[in-house]
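For reference, the structure is listed below as structure tokens.
In UniProt numbering, the protein residues as written are 1 to 61.
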């Protein structure tokens, strides 16, 4: 992997973490609450799947 690709992946990882925090924080007060809530976990995973599907469609353009 080229250094610029590594930096790009790190930036994407940080962006994902920040965005996931923005999604989770208003709904649950702490990590333990999130981990114990199956409905919330399924909703979160589905939202990430939707983002992935959309990003794949963008790369097809």
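For each residue, glycine too, the CB sits at the ideal point set by N, CA and C.
Helix or strand or just coil, what does DSSP make of residue 21? Position 21 of the chain shown, counted from the start, is the residue given in the question as residue 21. Helix.
Kindly indicate which three-state DSSP category residue 30 falls into: helix, strand or coil? On the chain shown, residue 30 is found 30 positions in, with the first residue counted as 1. In the structure shown, residue 30 sits in coil (DSSP, three-state: anything other than H, G, I, E or B).
Residue 34 versus residue 21: straight-line alpha-carbon distance, rounded: The count along the chain shown starts at 1 and reaches residue 34 at position 34. The count along the chain shown starts at 1 and reaches residue 21 at position 21. Rounded to whole angstroms, residue 34 to residue 21 spans 11 Å at the Cα level.
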